[in-house]
Amino acid sequence: MLRASTLILVGTILVSQAAWAQQYDRYQMSIFPGTRQWYNTTETGGLYPIVQDDKLGFIDSTGRVIVPPTYDDEGYFHQGRAYVSRSGKFGFIDTLGRVIVPPKYDTVSDFWEGLAMVARQGRTGYINLAGKEVIPPQFERGETFSESLAAVRLQGKWGFIDHSGRFVIQPRFFQPAYFSHGIAAVVLRDYHGTVIDRTGNQLVDTDYLGAFQQTACVTLMSHDSTGTRERFFDAVARKLTDCVVDRAMGFYEGFGQIMLNGKHGFVDSCGELAVQPVYDAVRSFSDGRAAVNIGATVDPTYPGRSEGGKWGFVGRTGRVIVEPRNEEVGYFDDGIASVRRNGRVSYVDTLGRTVLTLDSTITWAGTFHGGRADVAVGGLYDSTGRIIGCKYGYIDRSGRLAIAARFDDGGSFKEGLAQVKLSGKFGFIDTTGKPVVEPTLKEACDFKGQLARVETDQGTAYTDHAGRIVWQGRGSQ
């Protein structure tokens, strides 16, 4: 399971995600005042949300309404519970649709470690999975539990409590984060960031402007006459590392992107330098390999966006696996990744060996899922590197075009089906190319379990793997 990173900067909490992690992340984290909420975007709990007449409910995989659409808002299931709201109050239901807690709280969080934060009348406490208030509302604000500790605010200051509600670290901080590997980033009352252990002891000096919490390290920010600098505190070794950079970005697969003097590299999960910052652009690790670029022009406002240059791959130690001489590269998945060099597309393995060279008519190739990879046939690349005028089909592991390139767009296979677009309409095909849902839909989402959410001419609906519409709403949601 992946945690998103939490940034504490002068009392403000932000969320950071790796620029290229959307292909792999299962989790997204949203932080609202007084609560940290985790949304598992692949967990349905066996139920699927519906909207009817601006009210929300749930159906099961057969389309049977389990929770009538009577709620104003609802969350994803986490630890078998999903929040629901009515008339501005929040409660919880389980995966059978049973009401565990009727809507009576002003604010709630998702469950974490078997407890959820709840608030009413300006006071915050915690309930268990049965809905019992095991820590009565008594705090001004609260966060969810992590490593058996939760940050709560009392009399304007933040401390940490255990599952019994007892203070383990007395309130004295301006802003907290969550514990990971036994440490947490906090902001002191003078707006300086530091790192504490589970007893509340400060592990670094307090002359940092902010703290950026990762899974196994914390990024600490400082400022001098040359600008902002960031360095890392190793949660395992309990020490500052020697790596000092201009900018640190999100972590993925245990590696974080860094910038130094306009060049890009990586640190490992503890904040030690892993890949020297000598590249003009990089992408996140996948299967232990990261794409690196020489000669790219990078958008200074968004370092994850670049144009031009040549791409290659490096390993976890920075060793070059594929020399940067390709116009484009894909992500590694199942041990191989696509590359395009001199207009010819092929696949390489994690040792950099070419294992599959595709027909010259194929101008782009995606990752393999279910024994199929989506490819573009024909077309031309414009000045931004976007391919236009092509058709999409699917190849098998031998490189043979197993599904003819007849679609205007195509997605990866998931749950045995792939989403395709033809003449402005969406549908689904199986791995033989047979239409399971004819391309007659206005919009379509990928399958989550047994169902996919789609948009028909009549409104939002759900379709199953056989292409049957199991539930049809009225109008768009």
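Position 281 (the sequence shown) corresponds to 725 in the numbering used here; numbering is contiguous. Glycine included, each C-beta is placed from N, C-alpha and C at the ideal position. Please read these numbers as outputs of a predicted model, since none were measured by experiment.
| message | One question on the structure: do Val612 and Leu632 come within less than 8 Å of each other, judged by their Cβ atoms? | response | In this structure, Val612 keeps its C-beta atom at 8 Å or more from the C-beta atom of Leu632.
Which word fits Ala595, buried or exposed, when buried means at least 16 other C-beta atoms lie within 10 angstroms of its C-beta? buried
With three or more C-beta pairs closer than 8 Å as the rule, is the region 673-684 touching the region 642-662?
yes
Phe870 to Asp852, Cα distance in whole Å? 10 Å
- Query: Can Ile832 and Val821 be called in contact, C-beta distance under 8 Å?
  - Reply: no
*According to the neighbour-count rule (16 or more other Cβ atoms, all chains shown, within 10 Å of its Cβ), is Ser790 buried or exposed?*
buried
Self-check item: Closest by C-alpha distance to Tyr836, when choosing among Gly829, Val864, Glu859 and Ile640
Solution: Val864
**Sequence-distant residues of the same chain with beta carbon closer than 8 Å to Ser666, five excluded per side** = Asp651, Tyr652, Leu653, Thr672, Arg673, Glu674 and Arg675
*Could you tell me if Asp554 is buried or exposed, where buried requires 16 or more neighbouring beta carbons within 10 angstroms of its beta carbon?*
buried
Measuring only the C-alpha atoms, how far is Leu684 from Gln646?
13 Å
CB-CB under 6 Å to Thr643, same chain, minus the five flanking residues each way: which ones, in chain order? none
Quick test of the definition: if touching needs 3 or more C-beta pairs under 8 Å, does the region 770-790 touch the region 799-814? yes
(Q) Taking the beta strand (DSSP E) that Val578 belongs to, which residues open and close that run? (A) Residues Glu577 to Phe583.
Would the beta-carbon of Arg564 fall within 8 Å of that of Lys548?
For the pair Arg564 and Lys548, the CB atoms are nearer than the 8 Å cut-off.
Which runs of the beta strand (DSSP E) fall wholly inside the region 879-918 and span at least 3 residues, in chain order?
-> 879-885, 895-900, 903-908 and 913-916
Query raised in the report: Does the region 749-760 come close enough to the region 717-734 that 3 or more CB-CB pairs lie under 8 Å?
Result: yes
In chain order, each alpha helix (DSSP H) run of at least 4 residues that lies wholly inside the region 560-635:
none
| request: Return the chain-ordered ranges of every beta strand (DSSP E) run that is complete within the region 675-734 and spans a minimum of 3 residues. | output: Taking only runs of at least 3 residues, the beta strand (DSSP E) segments lying wholly in the region 675-734 are 683-689, 691-696, 699-704, 707-712 and 717-723.
Quick one, are the C-beta atoms of Ser867 and Thr811 less than 8 Å apart? Between Ser867 and Thr811, the C-beta gap is not smaller than 8 Å, which leaves the two residues out of contact.
Nonlocal neighbours in the same chain, by C-beta distance under 6 Å from Asp516, ignoring five residues either side: Ser529 and Arg530
- Confirm, please, whether the CB-CB distance from Thr539 to Leu500 is below 8 Å. No, Cβ-Cβ distance for Leu500 and Thr539 is not below 8 Å.
Mark Arg480 as exposed unless 16 or more other C-beta atoms lie within 10 angstroms of its C-beta, in which case mark it buried. A caution first: Arg480 carries a pLDDT of 27, below 50, which makes its placement in the model unreliable, though a value can still be read off. By the 16-neighbour rule on beta-carbons within 10 angstroms, Arg480 is buried.
Item checked: Rounded Cβ spacing between Gly698 and Asp712 (contact assumed at less than 8 Å) -> 6 Å
DSSP on Gly535, reduced to helix/strand/coil? Under the three-state reduction of DSSP output, Gly535 falls in the strand class.
>> Within 10 Å of its beta-carbon, does Asn770 have 16 or more other beta-carbons around it, so buried, or fewer, so exposed?
In response: buried
For Phe589 and Trp556, believed in contact at Cβ under 8 Å, the rounded distance = 5 Å
Relative to the C-alpha of Pro883, which residue among Phe872, Thr638 and Phe534 is closest? Phe872
Excluding the 5 residues preceding and the 5 following Leu704 in the sequence, name in chain order all residues of the same chain whose CB lies nearer than 6 Å to its CB. Val689, Asp690 and Pro721
Q: For Asp731, I'd like the list of residues in its chain whose CB is within less than 7 Å of its CB, leaving aside the five on either flank, ordered along the chain.
A: Phe776, Asp777, Gly779 and Thr794
Rounded to a whole number of angstroms, what is the C-alpha to C-alpha distance between Arg912 and Val562?
40 Å
Subject >> Beta-carbon proximity of Val545 to Ile571, cut-off 8 Å >> reply: yes
Item to complete: Can you grab the Cα-Cα spacing for the pair Ser474 / Ser842, in whole Å?
Response: Interpretation of Ser474 is limited by its pLDDT of 24, a score under 50 that renders its predicted location unreliable; the figure taken from the coordinates is listed afterwards. So the alpha carbons of these two residues sit roughly 42 Å apart.
- Query: When you compare each of Trp755, Thr907, Gly739 and Val726 to Tyr746 by their alpha carbons, which one comes out closest?
  - Reply: Comparing Cα positions, the closest option is Val726.
Legend entry - Limits of the beta strand (DSSP E) - the one that Trp556 falls within: Careful: Trp556 lies outside any beta strand (DSSP E) and carries neither H nor E.
Open item on the list: Tell me which residues share the same chain as Gly739 and place their Cβ nearer than 7 Å to its Cβ, disregarding the 5 neighbours each side in the sequence.
Closed with: Scanning its chain for C-beta atoms nearer than 7 Å, with the 5 sequence neighbours on each side dropped, one finds around Gly739 the residues Asp724, Gly752, Gly753 and Lys754, in chain order.
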